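Chains as they are written, first to last, in this note's numbering: chain A, 495 to 892; chain B, 495 to 892.
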């Protein structure tokens, strides 16, 4: 029995593929600090948990395909606070950001069409592209300049008759880079010129530091017809298990087509939508606290990273990741070594080799992504193991 | 801005497309009995609701991509009760049956490949096929013989080099037909001969009447490599809003590929999995009660339908649907007329025109699907309106 070619080719998660090494370490009684995954340790707001606890419908019924009316209305209010003026019909609730990205790809691109994505990028875009039979065309960004958005000329080199969209992640996973208003207008104008869509993954919207403000593509006047935004509550409310996101566009044809795909799968989970709805009414202090917490964690990790000789790493302004270019050849080998052979006080650390975040073969082999999703006390211990481990590993490799 | 061709072509839900007429009726103060949708009125088990109410994790975290360990283990026990011997690795939890079907299509078929499905079939298969760029090749079944599975010779007429699977829904939505062990072996043998997969949608497993027993394709010895089963808790536990299903196969390559697609979307919803898990431990009496309730509803609806002159309808043995061929030309026109112009005591009834369940153009125009998902008192009223309405409508059309 032959499987489909896409089943044979779909990428296994590069973030999860080293997990067997971590599990082996744990079985030996070694504590592993996980800086490899984006699962925050921040408590889910009790207001959200309370909604589950108060659920008492007699019948746990289907909701509307576009999402619960009450939650659509709340999201209109949420986006208004971010200077994004929407109507309910501009928003379709999805099963996490994952489904929103898949819908966006299906709506803009046919089988074999291309979507341009700056690399390194969120590795699961590859999986969604395989599912939608769309080709991701990478355009490389570099650690040396903080993974800044390339010039328009660089994009134009890869735009061709099959290009249907440019997709950005802003703030960026894995880079932590934040693209500003000028950057976005530059890209939106390019999209307008070439009659292609601009898809923006903004699930880390609130996670911007150093008093920067985040700009959504939806707030760019004059580009309403070409902008599509995907969003998720996973990171914002430390609610990754709720699987609630949305796709947003002021382009009516986009939303009508998305609704038809959404109807096929009937609806997103009902109780989780109600829980996500409660989060819209959290006080501003909720965001202030988590942003302040993540900013201080970023400072801690960045200071430790930049104190290492010959590391290339600019201070990132957003999300909760740092990508560092290390003075070694093979970051995956280093991670496996940390998990299998290196401990301090019976503890070790795990990071995500960045190669999996690049689509261009060979890039990112000496880069690692660190997620600062542990508390500062644990982060300190983890970074000490990381730094000392790197010294020992480099000596060993000489 | 042009959308993709698939976005332009994806089918709008034929079940939901007449909803504006129902909403208009309701705005005029008319009560509408909804026999058009598969949303059961049966209460969700309190044991399931209780899990939501007792959820108290600090962080609502990602679960494993293959689903929560505890729920996989419970499902092994659930299937064992149905004479299906599985290991945990044979099961991947999905976001409802919808995702399970999409994964099955992606794993077995490339873009442009064909999957044979007996029609009339669950209309959303079209949406999943569009998403997966797979072509559904229908093979017609007929009201006259209770939508029995066609002979192998009929299947062989449409099998070609692009055929990758035969997909059955058993018990059937919309037909209520139940395919027995002999039927399934016949089809499995055919699949073996042509080296294609057999995908079975068994979400209505327990809903078989007249003391029939259900046979899963997974329990057919000798066909383990080619059988894939998709399942869901939606109907079984009247928990459509939980969005929990699974894909099951003993073919290791199928499960490994499915896991890679599953990793891309990270995980199904966490609390809903825990809630579904509780349902595995319901007493047998739970199933006995709902099956007895649905069987008596089926009897009621079938007796009313068969008392109408010139209706073609065999008594279905499963699920909670009946498809009837009516002595009219256009069932959709009849439904619109019922909603817009006909009432008894200010009440009317809505059914689903069956044309949307056929892929062959023109078929099913004079057929309707009725879902017996209301209590018997309401069903009686609904069927009286339906029968009287049909008489008036036929006179009007003469």
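In this text, a Cβ means the ideal position worked out from N, Cα and C, and glycines have one as well. This structure is a prediction, so every number in the text was calculated from the model and none was measured.
| Query | Result |
| --- | --- |
| Same chain, Cβ closer than 7 Å to residue 709(B), five either side skipped, listed in chain order | 674, 675 and 678 |
| Buried versus exposed call for residue 706(A) [16 or more other C-beta atoms within 10 Å across all chains shown] | exposed |
| Spatial neighbours of residue 637(B) in its chain, beta-carbon cut-off 8 Å, leaving aside the 5 residues before and after | 806, 807, 808, 817, 818, 819 and 861 |
| CB contact check: residue 743(A) to chain B, cutoff 7 Å | no |
| Any 3 or more C-beta pairs closer than 8 Å across the segment 511-518 of chain B and the segment 827-836 of chain B | yes |
| Residue range of the unbroken beta strand (DSSP E) whose run includes residue 538(A) | Where residue 538(A) is concerned, there is no enclosing beta strand (DSSP E), given that its DSSP letter is neither H nor E. |
| For residue 726(A), the residue or residues it bridges with in DSSP | 739(A) |
| Buried versus exposed call for residue 749(B) [16 or more other C-beta atoms within 10 Å across all chains shown] | buried |
| Residue 634(A) versus 505(A), 662(A) and 886(A), residue with shortest Cα-Cα distance | 662(A) |
| Contact the segment 725-735 of chain B vs the segment 748-763 of chain B: 3+ CB pairs below 8 Å | no |
| Chain A residues whose Cβ lies nearer than 8 Å to that of residue 543(B) | 549, 550, 551 and 554 |
| Where residue 688(B) sits in the DSSP three-state scheme | helix |
| Within chain A, partners of residue 557(B) - CB distance below 8 Å | 735 |
| Backbone CA spacing between residue 852(A) and residue 665(A) [nearest angstrom] | 17 Å |
| Test: residue 501(A) CB closer than 7 Å to a CB of chain B | yes |
| Three-pair Cβ contact test at 8 Å for the segment 584-601 of chain B versus the segment 638-645 of chain B | no |
| Where residue 495(A) meets chain B, residues with beta-carbon distance less than 7 Å | 689, 691, 719, 720 and 745 |
| Spatial neighbours of residue 688(B) in its chain, beta-carbon cut-off 6 Å, leaving aside the 5 residues before and after | 653 |
| Nearest neighbour of residue 826(B), chosen from 859(B), 804(B), 843(B) and 704(B) [CA to CA] | 859(B) |
| Chain-ordered chain A contacts of residue 533(B) [CB-CB under 9 Å] | 553, 555 and 556 |
| Proximity test, Cβ basis, 7 Å: residue 808(A) and chain B | no |
| Where residue 505(B) meets chain A, residues with beta-carbon distance less than 9 Å | 754, 757 and 758 |
| Residue-chain proximity (residue 726(B), chain A), Cβ-Cβ < 7 Å | no |
| Residues that residue 654(B) contacts on chain A, provided the C-beta gap is smaller than 8 Å | By Cβ distance, chain A contributes nothing, its closest Cβ being about 16 Å from residue 654(B), past 8 Å. |
| Assigned exposure category for residue 799(B) - 16 Cβ within 10 Å defines buried | buried |
| When 722(B), 840(B), 544(B) and 608(B) are compared against residue 770(B), the one with the closest alpha-carbon | 544(B) |
| Nearest residue (CA-CA) to residue 763(B), options 539(B), 546(B), 703(B) and 496(B) | 546(B) |
| Contiguous alpha helix (DSSP H) assignments of at least 4 residues, all confined to the segment 623-664 of chain B | 646-652 |
| Residue 863(A) (DSSP reduced to helix, strand or coil) | strand |
| Beta carbon proximity, residue 667(A) to chain B, threshold 7 Å | no |
| Outcome for residue 854(B) when other beta-carbon atoms lying within 10 angstroms are tallied against a minimum of 16 | exposed |
| Residue 735(B) and residue 555(A) closer than 7 Å at C-beta | yes |
| Assigned secondary structure, residue 674(B) (DSSP; H/G/I helix, E/B strand, else coil) | coil |
| Cα-Cα separation between residue 533(B) and residue 742(A), rounded to whole angstroms | 28 Å |
| CB contact below 7 Å: residue 621(A) versus chain B | yes |
| Short Cβ contact (7 Å threshold) for residue 513(A) with residue 772(A) | no |
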